[in-house]
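Visitor: In this text, residue positions in the sequence shown follow this note's numbering: the first is 75, and each later residue adds one.
Backbone N, C-alpha and C fix where the C-beta goes; we use that ideal spot for every residue, glycine too.
For reference, the structure I am asking about is given below.
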Amino acid sequence: MSERSRGLGRDLCGRVHAVTGAECYLPDTHYPRPHHALSGESWHDGLCTLCAGSGLHTSTLCPRCNGTAFEPVDPDTYLPG
Ligand SMILES: [Zn+2]
Ligand SMILES: [Zn+2]
Numbered sequence: 075m076s077e078r079s080r081g082l083g084r085d086l087c088g089r090v091h092a093v094t095g096a097e098c099y100l101p102d103t104h105y106p107r108p109h110h111a112l113s114g115e116s117w118h119d120g121l122c123t124l125c126a127g128s129g130l131h132t133s134t135l136c137p138r139c140n141g142t143a144f145e146p147v148d149p150d151t152y153l154p155g
């Protein structure tokens, strides 16, 4: 895997994994393929079901998504929408 510098002026996904903190480096058009980080990690995620995407839970950082508003999901069981 070749490491790319972050393309300035290009829209990258930039999604951060809620648990590992890995950052997706793919273009933001990669959907529906999973997010992919330079570390080789790939994952699917969906809007956090605990905080509904606000990143906050009871006025503190949401423990499920760590404030990213998205939680990792199992693509085999996740039903979008
Ligand atoms: Zn992504
Ligand atoms: Zn959350």
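Mind checking whether Ala92 and Pro149 have CB atoms under 7 Å apart?
Guide: no
Visitor: Look at the Cβ atom of Gly120, then the Cβ atom of Gly129, and state whether they are nearer than 7 Å.
Guide: no
Visitor: What separation, rounded to the nearest whole angstrom, lies between the Cα atoms of Ser133 and Thr123?
Guide: Using only the alpha carbons, I get a separation of about 16 Å.
Visitor: Assuming Asp102 and Leu112 are in contact, meaning their beta carbons sit under 8 Å apart, how far apart are those beta carbons, in whole angstroms?
Guide: Wrong, their Cβ atoms sit about 16 Å apart, outside the cutoff.
Visitor: Considering Cα atoms alone, identify which of Arg138, Arg89 and Pro106 is closest to Tyr99.
Guide: Arg89
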